[in-house]
């Protein structure tokens with residue numbers, strides 16, 4: 014029974030991280046439709062519960078996502094794109110929040126000058142841990158691999174491999190994947206994802222991104 018509970022938790026973490034990777038990637042119309050139909054809220058609630066978040070807490074996060082049910086898809090899609098650009102992609106370094114670990118931590122520390130995005134000590138280590146796990150970032154030639162969505166996607170991959178090894182009762186392999194998940198969370202995710210979500214809630218208040226950040230905060234409570 015304990016092993017089944019651990020498998021369910023690992024699967025829940027994998028699914029929740031995958032969802033968060035989608036929530037914080039540049040929006041598309043299919044994603045907007047998922048918000049309108051309530052599918053995103055349903056998925057969020059289910060995977061958070063599986064990951065170990067209390068049902069009431071997961072329900073609160075899902076309720077916030079349901080604020081955009083039954084609105085016009087095209088209108089919501091426009092809101093999502095404008096909000097994403099304002100928060101994370103404004104040109105000339107004027108984004109309210111950097112969606113990259115290196116740049117975000119640069120600003121948090123109050124360091125001078127513009128932050129680098131490629132070939133930093135952070136991105137090099139992210140690449141190394143991905144390579145050791147047998148994967149690479151999808152768009153690593155055009156997008157820094159330490160983006161919020163790439164890091165959540167990698168966490169999802171590690172949790173999924175952990176769940177798979179548990180299912181096959183490969184205990185040593187499962188322990189290695191669990192350790193890899195915990196290491197990446199400690200060395201990268203834990204260093205910036207919580208303040209990133211908190212700033213998104215503050216600066217994106219009354220937008221869907223504040224609700225997305227709430228999902229992220231709920232998951233971070235139960236990682237790794």
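In our numbering, the protein residues as written are 14 to 237.
Think of the CB as a built atom: it goes at the ideal place given N, C-alpha and C, for glycine as much as any other residue.
Local Cβ density within 10 Å of residue i, reported as buried at 16 or more and exposed below that
i	result
residue 208	exposed
residue 155	exposed
residue 139	buried
residue 231	buried
residue 84	exposed
residue 125	exposed
residue 144	exposed
residue 172	buried
residue 199	exposed
residue 193	buried
residue 118	buried
residue 134	exposed
residue 123	exposed
residue 78	buried
residue 238	Given that the chain is displayed from residue 14 to residue 237, the structure contains no residue 238 and the question cannot be resolved.
residue 185	exposed
residue 103	exposed
residue 163	buried
Sub-7 angstroms separation of residue i and residue j beta-carbons
i	j	result
residue 128	residue 146	no
residue 34	residue 112	no
residue 66	residue 235	yes
residue 48	residue 217	no
residue 188	residue 179	no
residue 46	residue 92	no
residue 175	residue 190	yes
residue 226	residue 214	yes
residue 237	residue 195	yes
Which listed residue (the options) has its alpha carbon closest to that of residue i
i	options	result
residue 233	218, 197, 219, 221	197
residue 81	224, 138, 230	224
residue 18	62, 211, 165	62
residue 142	123, 119, 167	167
residue 60	37, 148, 24	24
residue 210	22, 21, 37	37
residue 22	169, 120, 109, 51	169
residue 222	110, 69, 201, 68	110
residue 212	76, 108, 151	108
Nonlocal neighbours in the same chain, by C-beta distance under 7 angstroms from residue i, ignoring five residues either side
i	result
residue 44	35
residue 136	115, 157, 158, 159
residue 130	113, 115, 116, 157
residue 89	45, 48, 49, 81
residue 68	62
residue 11	Absent from the model: residue 11. The displayed extent of the chain is 14 to 237, so no value can be given.
6 angstroms Cβ shell around residue i - same chain, five flanking residues per side excluded
i	result
residue 228	57, 74
residue 165	30, 33, 34
residue 42	90
residue 149	143
Nearest-angstrom Cβ-Cβ length linking residue i and residue j, presumed shorter than 8 angstroms
i	j	result
residue 71	residue 26	Contact doesn't hold; Cβ gap of about 13 angstroms is too wide.
Close Cβ partners of residue i (< 8 angstroms) along its chain, the five nearest in sequence each way excluded
i	result
residue 40	90, 93, 94, 97
residue 120	111, 128
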